[in-house]
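Residue numbers (full-length UniProt numbering): 1 to 571. The beta-carbon is built from N, C-alpha and C at its ideal position, and this holds for glycine as well.
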Amino acid sequence: MILRFFSYYRPHKKLFVLDFSSAVVVAVLELAFPLAVQWFIDELLPSNDWPAIVWVSLGLLLLYVMSTFLQYIVNYWGHKLGINIETDMRKELFQHVQKQSFRFFDNTKTGHIMSRITNDLFDIGELAHHGPEDLFIAVMTFVGAFWIMFTINVKLALVSLLVVPFLVWLIVYCNLKMNKAWKQMFSNIADVNARVEDSVSGVRVVQSFTNEDHEIARFTKNNERFRLAKIGAYRVMSFSSSGIYMLTRLIILVVLVYGAWLSFTGQLSYGELVGFVLYINVLFKPIDKISALMELYPKGMAGFKRFTELIDKQPEVADSKDALQVAALEGDIQFRDVTFSYENHKPVLSGINLQINAGETVAFVGPSGAGKTTICSLIPRFYDVDEGAIAIDGIDIREMTKSSLRSQIGIVQQDVFLFTGTLRENIAYGMLNASEEEIAGAARRAHLEDFIQGLPDKYETQIGERGLKLSGGQKQRIAIARMFLKNPPILILDEATSALDTETEGIIQKALTELAKDRTTLVIAHRLATIRNADRIVVVTENGIAEEGRHDELIDQGGIFAKLHSVQYQQ
Ligand code: ADP
Ligand code: MG
């Protein structure tokens with residue numbers, strides 16, 4: 001885990017070396033100052049040599065200035081290093097999450113993902129900066145100060161050593177407790193985020209059921225858990241820093257008393273006593289640093305651990321080693337004995353065989369929950385089949401790269417997701433480098449032109465949360481315009497018009513018919529009138545494909561489709 005943490009320093013080696021070496025020099029200077037003071041008192045003072053005192057003081061001033069400058073470097077460049085590492089990790093995590101397969105998002109709350117990418121990494125930068133540097137410096141000054149203290153006076157040094165076991169115990173004990181507390185806190189704040197995400201995206205449902213109080217109560221519970229965990233962590237922290245404070249002051253007192261006695265009996269000079277006390281102060285500094293590190297380390301590592309957990313999660317649907325880069329597929333789709341389940345041992349599809357010819361329009365009908373959407377999600381490999389295979393133009397889709405396969409498939413669903421931004425950006429999502437003319441052309445073919453020209457800002461109109469609200473039909477037409485830009489040979493229309501009123505549906509249907517021209521098209525439709533002209537209709541039930549044929553053939557057969565049809569046209 002530690003080695004892995006250090007691997008993130010690699011791109012910032014130079015910064016690390018600069019920061020680290022400056023810190024070492026600062027520490028050495030720190031160690032040298034008390035010796036200078038001691039020499040000042042014992043040697044220089046009795047000599048009455050005023051010019052020498054001035055020169056020595058100027059020399060010390062120079063060292064102080066140098067040390068100050070180096071401290072600036074340590075502070076600024078060191079933090080820069082930490083922030084860079086934190087940002088790298090955040091970027092890596094975002095990239096990684098973008099690549100995850102659908103099943104990951106089925107099983108993970110958005111709020112939890114948000115937490116991982118934001119809060120969890122907050123302390124990692126601080127740890128990256130302070131961790132190795134402070135630890136090294138602390139050990140170095142600690143050992144150095146003790147060594148010098150021994151050379152000043154062995155008895156006094158031995159007495160001060162007595163405190164070390166207590167300090168070690170305190171640090172180790174509190175570290176363990178704090179580790180647990182921070183981990184708890186991170187998991188609690190992730191829950192809080194998940195609650196916020198849930199009740200904000202679902203606020204319309206919440207308010208229509210007037211369940212605000214219920215939501216507040218649930219939120220309060222999570223928030224309270226977070227409060228307790230964080231307070232718990234700070235209790236341990238306060239205990240440890242007070243303990244350290246007490247122990248370190250205690251040595252000063254002991255050293256003063258014992259040192260006074262030693263100097264009465266002529267075993268210690270005044271300069272040595274002052275020097276010794278100053279060294280105890282030098283000794284405190286790393287202890288303070290270590291205790292700060294003790295807070296930081298478990299916090300940062302708890303975040304890092306959650307980071308690696310997510311980074312190690314490989315996307316379920318991945319490219320095989322020598323995957324094909326396909327382009328311009330014909331669009332002949334074949335399901336061969338396909339079995340698929342979302343959860344183990346509960347197959348949603350089993351033994352599905354289906355041939356869709358290039359350029360054909362095939363409609364899927366059947367009760368909701370039968371598996372129509374699932375059939376369509378398998379074609380772009382949003383999920384991989386458990387058994388059997390799906391081939392396009394005779395090539396198993398698992399042998400194609402995900403990106404090239406998906407570039408050949410366009411999907412229009414009932415819910416259209418619009419990004420915060422302008423109309424232009426949202427249409428151009430179908431082809432990011434589309435030109436003005438291409439965007440306008442797509443808008444025209446999606447019957448959006450008149451609507452857009454009627455807006456004061458035209459294509460630059462802001463939509464989304466803080467902009468224009470669009471109707472279902474308008475959103476649907478944006479989705480269609482995206483498809484005209486993407487221009488894929490295979491098109492999937494999953495209840496694209498189901499949420500629209502019949503009149504709007506008529507307009508959209510025209511645009512969709514134009515879109516479907518010369519493409520292999522899979523249409524899932526609720527209203528049977530919209531699929532009258534399909535080349536073939538496939539009736540899907542919970543038991544798989546029940547019927548297949550042309551509209552009139554199926555009506556004549558008098559089976560499931562005929563029954564669905566008569567129910568819809570009774571009124
Ligand atoms: P249809 O589109 O025909 O209404 P679906 O393909 O959406 O049906 O769903 C088929 C079955 O799979 C249903 O029982 C549904 O509950 C289940 N299902 C759909 N999506 C998921 C998912 N992401 N995770 C688990 N089960 C799912
Ligand atoms: Mg569906």
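Cβ distance (whole Å) where residue i is taken to contact residue j below 8 Å
i, j, result
"E495", "I524", "5 Å"
"L522", "F340", "Contact flag wrong, Cβ pair sits at about 16 Å."
"N179", "A302", "7 Å"
"I189", "S115", "6 Å"
"I251", "V163", "5 Å"
"A23", "I137", "5 Å"
"F292", "A233", "Checking the sequence shown, residue 292 turns out to be Ala, not Phe. That pair is no contact at about 14 Å."
"T420", "T461", "Actually they do not touch by this definition, with Cβ atoms about 12 Å apart."
"E30", "G300", "The Cβ separation is near 25 Å, so there is no contact."
"T541", "G366", "5 Å"
"Y297", "G131", "7 Å"
Selected residue, minimal CA-CA separation from residue i, among the options
i, options, result
"K91", "Y8, K510, A327 and F136", "Y8"
"Q98", "V416, I251 and F382", "F382"
"D120", "E438, G131, R225 and D191", "D191"
"V236", "A217, V139 and K177", "K177"
"V143", "L127, K155, H130 and L161", "L161"
"L564", "A529, V164, A534 and N533", "A529"
"G388", "E503, F335, S404 and S291", "F335"
"E309", "H526, M400 and I117", "I117"
"G342", "I560, I352, V385 and Y429", "Inspection of the sequence shows that residue 342 is occupied by Tyr rather than by Gly. Nearest C-alpha to Y342: V385."
"E360", "Q453, D332 and N487", "D332"
"H129", "V139, F6, V200 and V255", "F6"
"Y279", "A27, R4 and A546", "A27"
"residue 622", "Y459, P489, G464 and T420", "There is no way to answer for residue 622, as the model of the chain reaches only from 1 to 571."
"Q509", "L81, R532 and L349", "R532"
"N175", "G202, N426 and S238", "S238"
"L93", "L62, V206 and Q314", "Q314"
Other residues of its chain near residue i: CB distance less than 7 Å, five sequence neighbours each side excluded
i, result
"A479", "V412 and V416"
"F451", "Q474"
"L44", "A52, I53 and V56"
"L60", "A36"
"S320", "R398 and E399"
"Q414", "D494, E495, A496, S498 and A499"
"V274", "V37, Q38 and I41"
"S67", "V26 and L29"
"K346", "none"
heavy atom of the ligand ADP below 7 Å from residue i C-beta
i, result
"D106", "yes"
"S368", "yes"
"Y459", "no"
"Y245", "no"
"Y342", "yes"
"V365", "no"
"V348", "yes"
"V540", "yes"
Residue i CB to nearest heavy atom of the ligand MG below 7 Å
i, result
"K372", "yes"
"I492", "no"
"E309", "no"
"I524", "yes"
"L495", "A small correction: the amino acid at residue 495 is Glu; Leu does not occupy that position in the sequence shown. For the ligand MG, at least one heavy atom lies less than 7 Å from the Cβ of E495."
Where residue i falls, given that 16 or more other Cβ within 10 Å makes a residue buried
i, result
"R249", "exposed"
"M185", "buried"
"S368", "exposed"
"P11", "exposed"
"L158", "exposed"
"A327", "exposed"
"L497", "In the sequence as presented, Leu is not what sits at residue 497; that position holds Thr. By the neighbour-count rule (16 or more Cβ atoms within 10 Å), T497 is buried."
"F264", "exposed"
"M1", "exposed"
"N84", "buried"
"W169", "exposed"
"E86", "buried"
"V362", "buried"
Beta-carbon proximity list for residue i, same chain, < 6 Å, skipping 5 on both sides
i, result
"R195", "F219 and N222"
"E330", "A358 and D393"
"R519", "P489 and L491"
Own chain partners of residue i with C-beta closer than 8 Å, once the 5 adjacent residues on each side are dropped
i, result
"R225", "N188 and D191"
"K80", "L15"
"L156", "M149, V255, Y258, G259, L262, L268 and F276"
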